[in-house]
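The structure appears right after this line, and notes come after that.
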Amino acid sequence: MSLPTNFDAIRSFAVFADKLNFTRAAEELHISQPALHMKIQDLSTALGVQLYRKVGRHLELTEQGEIVARYGRQLSDSAADLQRELSGSGPVRPVILAAGEGAFLYLLGPAIREFLRKSSAPLRLVTVDREGVLTALRASKAHIGVAAVDTVPSDLIARPLVKVGQVVAMPHDHPLARKRRLKLTELKDSNLVVPPIDRPHRQMLASALSSAGVEWTVAVEATGWELMLHFVKLGMGLAVVNSMCAIPRGLVTRPLADLPKVQYYLLQTDARTKIAAHQELADLLVKNALKRSSSALG
5 MSLPTNFDAI RSFAVFADKL NFTRAAEELH ISQPALHMKI QDLSTALGVQ
55 LYRKVGRHLE LTEQGEIVAR YGRQLSDSAA DLQRELSGSG PVRPVILAAG
105 EGAFLYLLGP AIREFLRKSS APLRLVTVDR EGVLTALRAS KAHIGVAAVD
155 TVPSDLIARP LVKVGQVVAM PHDHPLARKR RLKLTELKDS NLVVPPIDRP
205 HRQMLASALS SAGVEWTVAV EATGWELMLH FVKLGMGLAV VNSMCAIPRG
255 LVTRPLADLP KVQYYLLQTD ARTKIAAHQE LADLLVKNAL KRSSSALG
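Going by the numbering used here, the first residue of the sequence shown is number 5, and it counts up by one from there.
Written out as structure tokens, the structure is:
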């Protein structure tokens, strides 16, 4: 296999990969649909790999197609940076930050406000779950990610942000509210508001309760800390949430000693990428996280 030097074809494929539709991709590229189809077909032949396949009525990328699309996005970004540096002008590309709903609600706000106030670069926020953060980074659809992970993937660069404890949220007049700290065994026979069964928090909690020999009942399944806490306020049951959550009036929380703290990381694909705006946002996220940790300790 000889690598093609037709970088335009690779960049065009990246546009197609985002659309998975020849008509819409051709419109964005301002070329005809047959011309785009031929360009991608020639690229596939030159690389010696299948870039996409048809599944039913839809198209999907192959594993090799995902790799080429990621490279194409990086090429487009680099070309835009080169043009801007040579001309000394031109539109500044947005910095793309991917994180979960909870991180945006309770952790990242101060850093985002400071970046918007100080930086000339636009900022685009992408709300996805933990797996979505990792996928966006690997596909070059995000420059920076924030997520809670147990083990940092070997293909990503990580900087620790904060560790947050896990607490039980309950009505202020609940019998367990009289205690200062709780153990898992004290949740025996409780009705719990939990995430859907495929979510990491649900799996971790269910495993911990099972190991402690605690029987419990699903009161309601909910996605996101805010909705879980809303159901607790309605009286549906108790919920185990991160200690950084904003607790609604009428509810209290008690630390759950048996569960480990959750570590949030700032994640990037390559520490060698020193684009100023990316570095500026990353440094602000770390600085504000340290400030938050210092305030919690002090």
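Virtual Cβ for every residue (Gly too), placed ideally from N, Cα, C. Given the structure is predicted, the values throughout are model-derived calculations rather than measurements.
DSSP three-state assignment for residue i, whether helix, strand or coil
| i | result |
| --- | --- |
| Thr170 | As written in the sequence, residue 170 is Gln, which differs from the Thr given in the question. Here Gln170 sits in strand by DSSP. |
| Leu196 | strand |
| Gly60 | coil |
| Arg203 | coil |
| Asn246 | strand |
| Gly239 | coil |
| Val224 | strand |
| Ala103 | strand |
| Thr273 | coil |
| Val96 | coil |
| Leu213 | helix |
| Gln267 | strand |
| Thr66 | coil |
| Leu109 | helix |
| Arg185 | coil |
| Ala175 | Ala is not the amino acid found at residue 175; the sequence shown has Pro there. Residue state, collapsed to three classes: strand. |
| Val256 | strand |
| Leu165 | strand |
| Val53 | coil |
| Val72 | helix |
Integer-rounded CB distance, given that residue j should sit under 8 Å from residue i
| i | j | result |
| --- | --- | --- |
| Leu242 | Leu271 | Between Leu271 and Leu242 the Cβ distance is about 32 Å, and since that is not below 8 Å, they are no contact. |
| Tyr186 | Val172 | The identity of residue 186 in the sequence shown is Leu, whereas the question assumes Tyr. 6 Å between Cβ atoms; contact. |
| Ala146 | Ala152 | Wrong, their Cβ atoms sit about 16 Å apart, outside the cutoff. |
| Lys43 | Ser16 | 6 Å |
| Leu165 | Leu289 | 7 Å |
| Leu40 | Phe26 | 6 Å |
| Phe108 | Leu138 | The Cβ separation is near 17 Å, so there is no contact. |
| Thr162 | Tyr269 | This sequence places Ala at residue 162; Thr is not what is there. Yes, they are in contact, since the Cβ atoms of Ala162 and Tyr269 sit about 4 Å apart, within 8 Å. |
| Val256 | Ala181 | 5 Å |
| Ala29 | Ala73 | Actually they do not touch by this definition, with Cβ atoms about 11 Å apart. |
| Val218 | Leu188 | 6 Å |
| His282 | Ile148 | 6 Å |
| Leu127 | Val150 | Rounded, the Cβ-Cβ distance is 13 Å, inconsistent with contact. |
| Lys167 | Gln267 | 5 Å |
| Ala21 | Asn292 | Incorrect: roughly 34 Å between the Cβ atoms, too far for contact. |
Per-residue burial, residue i [other beta carbons within 10 Å of its own, 16 or more giving buried]
| i | result |
| --- | --- |
| Ser214 | exposed |
| Ile201 | exposed |
| Asn246 | buried |
| His205 | buried |
| Ala13 | buried |
| Gly69 | buried |
| Ser336 | Here the chain comprises residues numbered 5 to 302, so residue 336 is not present and cannot be evaluated. |
| Arg121 | exposed |
| Ala1 | Because residue 1 is not part of the residues shown, which for the chain are 5 to 302, the question remains open. |
| Lys273 | In the sequence under discussion, the amino acid at residue 273 is Thr, which differs from the Lys named in the question. Buried. |
| Leu238 | exposed |
| Pro252 | exposed |
| Asn10 | exposed |
| Pro38 | exposed |
| Val198 | buried |
Distance cut-off 7 Å: residue i Cβ against heavy atoms of the ligand ZN
| i | result |
| --- | --- |
| Pro38 | In the structure on display, the ligand ZN does not appear, and there are no ligands present to speak of. |
*Would you check if the stretch 57-74 and the stretch 257-266 touch, i.e. whether three or more CB-CB distances between them fall below 8 Å?*
They do not touch, by the three-pair rule.
*Is it a yes or a no for the stretch 96-115 touching the stretch 221-236, going by three-plus beta-carbon pairs under 8 Å?*
yes
*Sequence ranges, alpha helix (DSSP H) only - wholly within the stretch 120-161, length at least 4*: 134-142
_In chain order, what are the residue ranges of uninterrupted alpha helix (DSSP H) at least 4 long that sit wholly in the stretch 7-31?_
Here the runs fully enclosed are 11-23.
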